[in-house]
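Residue numbers (our numbering): 38 to 161.
Let me begin by presenting the structure, written as structure tokens, before commenting on it.
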């Protein structure tokens, strides 16, 4: 038979459990908001190519210095791809930082988010 103290303890345990869920959900929403605002911009070492990637890692900006015309097209293409990969890796690092600051990089959610970006884009 249960007494009132057992019910009070059970109620407290449920309240704590619910508060933990609500806190984790709030942190997950904050992470989602931060991730949606992320971007990364990288300039090639020779400063001829600048690439910007958006939150999903897609190319959203490409700037080419006029001096790029003096290079063979194949070199230009390679430089663009190299700089794009560097920007995506930088984005993955920013994702890892945002994740660590919200849900925690070592949480199940954090590890899944970081692994998803790293698997798709490289880095971190």
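For each residue, glycine too, the CB sits at the ideal point set by N, CA and C.
Residue pairing by DSSP places residue 97 opposite no residue, since no beta bridge is assigned to it. Restricting attention to 51, 128 and 46, the CA atom closest to the CA of residue 90 is found in 128. Within the same chain, and ignoring the five residues on either side of residue 72 in sequence, the residues whose Cβ sits closer than 7 Å to its Cβ are 92, 132 and 135. DSSP places residue 104 outside any alpha helix (DSSP H), giving it a letter other than H or E.
As computed with DSSP, residue 90 is found in a beta bridge with 77 and 96. The beta carbon of residue 74 sits closer than 8 Å to the beta carbons of 92 from its chain, once the five residues preceding and following it are set aside; these are given in chain order. Remark: C-beta atoms of residue 124 and residue 77 approach each other more closely than 8 Å. By the C-beta density criterion, residue 117 is buried, having at least 16 other C-beta atoms within 10 angstroms.
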